[in-house]
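Participant: Attaching a single structure in structure tokens format; questions to follow.
There are 2 protein chains.
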Amino acid sequence: MFETAELCSQIDKKDYKKQLPELRAGLLQAQFALSKTNTPVIIIVSGIDAAGRGDVVNALNEWLDTRGLETIALDSLTDEESERPYYWRFWRQLPARGRIGIFFGGWYVDPILQTAYQKMKKAHLHEALTLMRRFETMLVEDGALILKFWLHLSKQEQRKRLNKLQKNPHTRRSVSERDWKHAKLYQQFLEAAETAIRQTDSGNAPWLLVEATDWRYRNLTVARTVLETLHKHLEAQSSTTRKSANSKTNLDTIDLNQRLDNKQYREEEIPPNLFSKEKISDSKTILDTVDLNQRLDNKEYRDELETYQGKLHRLAWAAYQKKCSTIIVFEGWDAAGKGGAIRRMTQVMDARLYRVISIAAPTDEERAHHYLWRFWRHIARAGRVTIYDRSWYGRVLVERVEEFAKDKEWQRAYLEINDFEEQLVKHGSIIIKFWVHISKDEQLRRFQEREQIPYKQHKITEEDWRNREKWEDYTIAVNEMVTRTSTHFAPWALVAGDDKRFARLQILKTVCERLETVL
Amino acid sequence: MFETAELCSQIDKKDYKKQLPELRAGLLQAQFALSKTNTPVIIIVSGIDAAGRGDVVNALNEWLDTRGLETIALDSLTDEESERPYYWRFWRQLPARGRIGIFFGGWYVDPILQTAYQKMKKAHLHEALTLMRRFETMLVEDGALILKFWLHLSKQEQRKRLNKLQKNPHTRRSVSERDWKHAKLYQQFLEAAETAIRQTDSGNAPWLLVEATDWRYRNLTVARTVLETLHKHLEAQSSTTRKSANSKTNLDTIDLNQRLDNKQYREEEIPPNLFSKEKISDSKTILDTVDLNQRLDNKEYRDELETYQGKLHRLAWAAYQKKCSTIIVFEGWDAAGKGGAIRRMTQVMDARLYRVISIAAPTDEERAHHYLWRFWRHIARAGRVTIYDRSWYGRVLVERVEEFAKDKEWQRAYLEINDFEEQLVKHGSIIIKFWVHISKDEQLRRFQEREQIPYKQHKITEEDWRNREKWEDYTIAVNEMVTRTSTHFAPWALVAGDDKRFARLQILKTVCERLETVL
């Protein structure tokens, strides 16, 4: 999940200075317009230590009008608080309609920390998250706007920061023993955070992952998201108010009507999509991290292929004996070489052990069910390998880009897919997911080759060319897919596909390594 | 929760025979209309042993066209099933669009039984219920219609049935050792069921509690609910289709459009209210169970009052020392005697220990928040007694009846209120809830008395007379309120209020008894 927040995204000083005045003016305007509505706004700024949560909160306080704003930083429970149910501390701090409440960490801090420290069991974390989701849903149904930011740093970057803070005599005091203790649990902390984010990332109250390495990028991304979301909300609201204004007769009831309209609107609203084109057009995507120059010469390839194919042959039998199912998912650009990579695996496995399922348009029967039904029905018995050539991710790739699925449909699919995969993993399956990446130039070369070589002509269609035109849209979809569905139990592997030999081996190796760690 | 399913509701033979032909014709028509749509229908028939789940399923099979119907009765996991994630068994049995699937017990059987047998911990039950809720939400968002029936029998009635079945040589075999074992755990079973129903009773996929003592009432109630829900759904759907038909140009796309419309409609639909007026107008409500003839003579009253007031005095101090908070909620008809009963308690408690909060129209500040905010803010510190003269239940009583709240708002309030009270109880508070009941005649007598006695005139307003006209609507609202919010951790007590002395003592006794069991 955090891969897309380790892309070294940054904004340079000049650009920052250029963007800031307009942004600040926009924020103040939006805040003023908000104060005339019945919408309370809740902004949660959370993230890992040293990522600069305080700086972000300070920036928002500086850029917004503090008269319509509260900042809520909660420390350990007070006497007063501990004598009441846990949520009392949040209820008493909720912003009124028309106001903004910025929660430092929000209700997420405790459960994540306690899980990282293994003081809270998984089942109890689950319970706590359910409570959070219901709390947020209740507020949103009542008209609130909730925005949640998670500021991320890589492990290295976090250490670097802590060291730097400690060396500076002015900031030394801000680094405590506890910070170093937390830092040691980086991995556990991240895993708990991932679970929390995944389970509470609803259309109602979405999370935005923010890369926090560059402070300008970080602060600007948060502020711009706040602004855009406010804009969208205010716009939609004013259009509904205008619509209903015609039917108003009694001036006394305007206030009430407005409130009802506001809610009405919220119920029909399409949740803000925080990964939209505008948002990332000027920043990097996860695909930029793939080094497409990686190559393998033929000799090396032959040797390694033999080694790993032999391994896979043995591992497939071992998995069968241990009744451990393996699910391998292939997604990637057209002509990225998925088929060739799959064949390198199936060549060496016993035909009774594996099945390759190619996903094309659904059948009539499949169309008559929920879109996940067709994948549930294909789940293999224990100990088998199932290879999907394209998969349920079509929902958030082709169906999103081609608008076969409505916004709401593909947006809720991330949660549904994560739930689906979690059930598989909890049952003991291994899930390995590949995005096979190639450059746009390499795709062109392969398309042209396919058109020229007679026995490859069936592999290239008009549709491939059409898809190619939507490269940008797909890139955005892939970036969001990896952000939202790369989980600790079913991570994505990005494969450098410009060199077919390199790609095939990377895939074989990854499969073998995952199987080896589990078996 | 189950109180409203122990009212001895029944339908006599003649009435049953009269209603049946029309009902059956209606069911077949609705089913035929359904088959032309893209809606899959899922009916879950669950309940306690011997309540006649099988009979209900048989009746539905007899009355519907079995060609568009599947009945799914799942036993213990098969080999095939145990090799896949748990939900695989349900996915493979889901009905296609236009068809009906009747699930015997559905996904609820196992978790409830295992919790009753203490093989499943509360936290895991919670996790399982979250999974169910998500599963159902996913299907509903995709266009499915889900109806869940819980057939209820009182403990006595269950025993009577099992005995009768065992005595009859023809049915003896259907009663197993296991049935008796389950019956012994009646209370645990009911508590687990209550939790499951409460946590999964959403507007999307509502539960209907059915009193199963009289088979005619039981079968007819289930079938009528199925019919009404189908009707509502089909009507709403056809009106949307008609609306959008005007904008259609391409005949080929009709099918797709219809499906989208269908979903569109579902997203905006007000969830079916299974406790609607039509449903209970010919049956009893929970208020019919209150024996209003109960009286207490003055001598007896004086003696007992002294005893229990003394007790309450001591218990309030004991609760304070143990830091155990008590929340006492008063709801009831106008002039039912809430104020007098409250004074009999406050007379004897130390003023530092209690607070009486009268709930009238919200303040401006309160209106600027979620409706529960005003109650959260009043939560007292540990060890105090808080008495609410009217409460958060206004949301599902006056706000519902007077249409101050929209249907969606009061319908989702049950879940919100249960969550709220559960948090209080988990934190160690005791919640005692009274509905003070009087007859309509007695209310009239008191109203007239108030109008005649000068110092009581301020207690009677035009509004009281207006409320009185809505007696029926309030009765329905009270019945639903008790059904949905009488939980094992915060049950309702219905007080017979026609005799003020009797009512006051019943209340005092109940409070003392609840405090005694906890302290």
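As given, the protein sequences belong to chains A and B, one line each in that order. Residues are numbered in the working numbering as their position in the first sequence, beginning at 1, plus a constant of 559. Residues are numbered in the working numbering as their position in the second sequence, beginning at 1, plus a constant of 559. A virtual CB, placed ideally from N, CA and C, is assigned to each residue, including glycine. This one's a predicted model, so the numbers in the text were calculated from it and none came from an experiment.
What residue does the alpha helix (DSSP H) around A:T866 start on, and which one ends it?
Facilitator: 857-880
Participant: Am I right that A:I601 and A:I756 are in contact with their C-beta atoms under 8 Å? What's the rounded C-beta distance?
Facilitator: Wrong, their Cβ atoms sit about 16 Å apart, outside the cutoff.
Participant: Which residues of chain A have a Cβ atom closer than 9 Å to the Cβ of B:R656, listed in chain order?
Facilitator: R926, A927, H928
Participant: I want to see whether chain B comes within less than 8 Å of A:M679, judged by CB atoms only; does it?
Facilitator: So no, A:M679 is outside the interface.
Participant: Roughly how many whole angstroms lie between the Cα atoms of B:A632 and B:F662?
Facilitator: 6 Å
Participant: Cα-Cα, which of B:W951, B:W932, B:D923 is closest to B:S917?
Facilitator: B:W951
Participant: Ignoring anything shorter than 4 residues, give me the alpha helix (DSSP H) runs that lie fully in the stretch 699-774 of chain A, in order along the chain.
Facilitator: 714-726, 736-743, 745-759
Participant: Would you tell me roughly how many angstroms separate the C-alpha atoms of A:D1058 and A:L851, rounded to the nearest one?
Facilitator: In a straight line, the C-alpha of A:D1058 is about 8 Å away from that of A:L851.
Participant: Hey, is B:H522's beta-carbon within less than 8 Å of any beta-carbon in chain A?
Facilitator: Since the first residue of chain B shown is 560 and the last is 1078, residue 522 of chain B is not available in this structure.
Participant: I want to verify the contact list: residues of chain A whose CB lies under 9 Å from the CB of B:Q982, in sequence order.
Facilitator: P644, Y645, Y646, W647, L690
Participant: Quick one: what's got a C-beta closer than 6 Å to B:M691's C-beta in the same chain, skipping five residues either side?
Facilitator: These residues qualify, in order along the chain: W666, T759.
Participant: Go through its chain and collect everything with a Cβ distance to A:N620's Cβ below 8 Å, but skip five positions before and after it.
Facilitator: Excluding residues within five positions, the ones whose Cβ falls inside 8 Å are L628, T630, I661.
Participant: Does DSSP put B:N832 in a helix, in a strand, or in coil?
Facilitator: Low confidence applies here, because B:N832 scores a pLDDT of 44, under 50, leaving its location unreliable; read the following figure in that light. Three-state DSSP puts B:N832 in coil, outside helix and strand.
Participant: Look at the alpha carbon of B:T730 and the alpha carbon of B:A564, and state the distance between them as a whole number of angstroms.
Facilitator: 26 Å
Participant: Using alpha carbons as the reference points, say which of B:I607, B:A782, B:N778 lies closest to B:W739.
Facilitator: B:I607
Participant: Rounding to the nearest angstrom, what Cα-Cα distance links A:G657 and B:Y645 in this structure?
Facilitator: 46 Å
Participant: What residue range does the beta strand (DSSP E) around A:W1074 cover?
Facilitator: The sequence given here has Leu at residue 1074 of chain A, not Trp. It is not in any beta strand (DSSP E) - A:L1074 instead sits in the alpha helix (DSSP H) that spans 1059-1077.
Participant: Count the other C-beta atoms from every protein chain shown that fall within 10 angstroms of the C-beta of B:Q1011, then say buried if there are 16 or more, exposed otherwise.
Facilitator: Taking all protein chains in view, the Cβ of B:Q1011 is surrounded by fewer than 16 other Cβ atoms within 10 Å, so the residue is classified as exposed.
Participant: Are the CB atoms of A:I990 and A:I886 within a distance shorter than 8 Å?
Facilitator: Annotated as proximal: A:I886 and A:I990, with beta-carbon spacing under 8 Å.
Participant: Mind pulling the chain A residues with CB within less than 8 Å of B:H986?
Facilitator: Going along chain A in sequence order, the residues near B:H986 (Cβ under 8 Å) are R643, P644, Y645.
Participant: If you draw a straight line from the alpha carbon of A:Q717 to that of A:Y745, how long is it in whole angstroms?
Facilitator: 9 Å
Participant: Please identify the residue among B:F1048, B:E1031, B:D1032, B:A1052 whose C-alpha is closest to the C-alpha of B:V1041.
Facilitator: B:A1052
Participant: Can you tell me which of the three DSSP states B:W555 falls into?
Facilitator: Residue 555 of chain B lies beyond the residue range present for chain B, which begins at 560 and ends at 1078; the question has no answer from this structure.
Participant: Give a yes or no on contact between the stretch 918-928 of chain A and the stretch 937-956 of chain A, applying the rule of three or more CB pairs nearer than 8 Å.
Facilitator: yes
Participant: Just curious, the alpha helix (DSSP H) that B:W1030 is in, first and last residue?
Facilitator: 1030-1044
Participant: Relative to the C-alpha of A:R777, which residue among A:A742, A:T637, A:L710 is closest?
Facilitator: A:L710
Participant: Mind checking whether B:E924 and A:A609 have CB atoms under 8 Å apart?
Facilitator: no
Participant: Could you please give me the residues that DSSP links to A:E975 through a beta bridge?
Facilitator: Beta-bridge partners assigned by DSSP to A:E975: none are found.
Participant: Cα separation between A:K858 and A:G891?
Facilitator: One Cα belongs to A:K858, the other to A:G891, and the distance between them is close to 27 Å.
Participant: Relative to the ligand ZN, is the shortest distance from any of its heavy atoms to the C-beta of B:V600 smaller than 7 Å?
Facilitator: As presented, the structure is devoid of all ligands, the ligand ZN included, so that no description of it is given.
Participant: Alpha carbon to alpha carbon, how far is A:T945 from B:T598?
Facilitator: Each residue's alpha carbon lies about 31 Å from the other.
Participant: Determine the direct distance from the alpha carbon of B:E1072 to that of A:A703, and round the result to whole angstroms.
Facilitator: Each residue's Cα considered, the two are about 42 Å apart.
Participant: How is B:L815 classed by DSSP in three states: helix, strand or coil?
Facilitator: The predicted model places B:L815 with a pLDDT of 35, which falls under 50 and marks its position as unreliable, so this point remains unresolved.
Participant: Compute the Euclidean distance between the alpha carbons of B:W935 and A:E640, then round it to the nearest angstrom.
Facilitator: Going from the Cα of B:W935 to the Cα of A:E640 covers about 12 Å.
Participant: Grouping DSSP H, G and I as helix and E and B as strand, with all else coil, what is B:R914?
Facilitator: strand
Participant: What residues in the stretch 928-962 of chain B bring their beta carbon closer than 7 Å to a beta carbon of chain A?
Facilitator: Result list: H928, H929, W932, W935, R936, I938, R940, A941.
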